[in-house]
């Protein structure tokens, strides 16, 4: 009997003798999934922590933040670049009060020259339209004072979460490419600060943002009062109500003064006042 391999069968190492190919199979993806899970867990934990009070800003950091915000508003080059933030809050103020008054928010734009426009639909006269028109100029001051109050209370990260939610909600109402760019830029800066910065930088930055909005509201109101442009909100209100524009400017100034007083009360314990 012939020994050896069966006819027609090539000789070669048996299955158990063949060398095993190392690395021929893909590595399991569990490591990748684990890292994604870790990031998701960290996001969830940070969101939860944002809803609770953290450390309040240090007195020195608060003073620096306030000084930097005021300098940004007073210095021409910095103001020309960053005043779009005040314009954005101004336009969203029209939208928010319009919705509260029963009007429909159709969209808004923020233009490269830092002007803006908000479109709402509803009754062509009445208190709802007046309140919607009135809301623009005081809204940055009111929002700024609220941000200052929250930041001094240790809720700076919560403010950043709230800003992100608002920006995402209004993104679908943007009516120009420039407006979308402004919203996405603001959202990216907001989320980067929330995710990467420590408690002290976050507290100082958010506090500075609040003061910037408050001071910027004053600058815009003074500017419109000086020029008396009838196309601006006080002039539009005068045309709709037959109340002089100067009276509306005084009403807006009263709201800004109240917001400034609120912010000052929140800041007083943190600033080296005599």
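In the UniProt record's numbering, the protein residues as written are 1 to 274. For each residue, glycine too, the CB sits at the ideal point set by N, CA and C.
Judged by DSSP in its simplified three-state form, residue 102 adopts coil rather than helix or strand.
Burial is judged here by how many other beta carbons sit within 10 angstroms of a residue's own beta carbon; residue 53 has fewer than 16 and is exposed. In the same chain as residue 155, and ignoring 5 residues on each side of it, the C-beta atoms closer than 7 Å to its own belong to 53, in chain order. Taking a contact to require three or more Cβ pairs closer than 8 Å, the region 195-214 and the region 64-79 qualify as touching. Residue 258 is positioned such that its CB atom lies no closer than 8 Å to that of residue 144. In the DSSP secondary-structure assignment, residue 110 is bridged to 116. Residue state for residue 121 is assigned as strand, using DSSP reduced to three classes. Boundaries of the alpha helix (DSSP H) harbouring residue 212: 199-227, taken from the DSSP string. In the structure shown, residue 245 falls within a helical segment according to DSSP collapsed to helix, strand and coil. Cα atoms of residue 164 and residue 245: separation of roughly 35 Å, rounded to the nearest angstrom. Pairwise C-beta distances place the region 240-255 out of contact with the region 89-102, as fewer than three of them are shorter than 8 Å. Where residue 52 is concerned, there is no enclosing alpha helix (DSSP H), because DSSP gives it neither an H nor an E. Here residue 174 carries a strand assignment [DSSP, helix/strand/coil]. Secondary structure of residue 271 (DSSP, three-state): coil. With a 10 Å radius around the Cβ and a threshold of 16 neighbouring Cβ atoms, residue 48 comes out exposed.
From the listed residues 121, 85 and 78, the smallest Cα separation to residue 132 is found for 121. Residue burial annotation: residue 147 is buried, with at least 16 other C-beta atoms found within 10 angstroms of its C-beta. Residue 46 is classed as exposed because its beta carbon has fewer than 16 other beta carbons within 10 Å across all chains shown. Non-local C-beta neighbours of residue 129 in its own chain, meaning closer than 8 Å and more than five positions away in sequence, comprise 101, 103, 122, 123 and 240, ordered along the chain.
When the alpha-carbon of residue 200 is set against those of 37, 41, 55 and 44, the nearest one is in 55. Going by DSSP, residue 65 is part of the alpha helix (DSSP H) stretching over 59-74.
For residue 138, there is no enclosing alpha helix (DSSP H), since its DSSP letter is neither H nor E. Closest option to residue 150, judged by alpha-carbon separation, among 37, 235, 185 and 211: 211.
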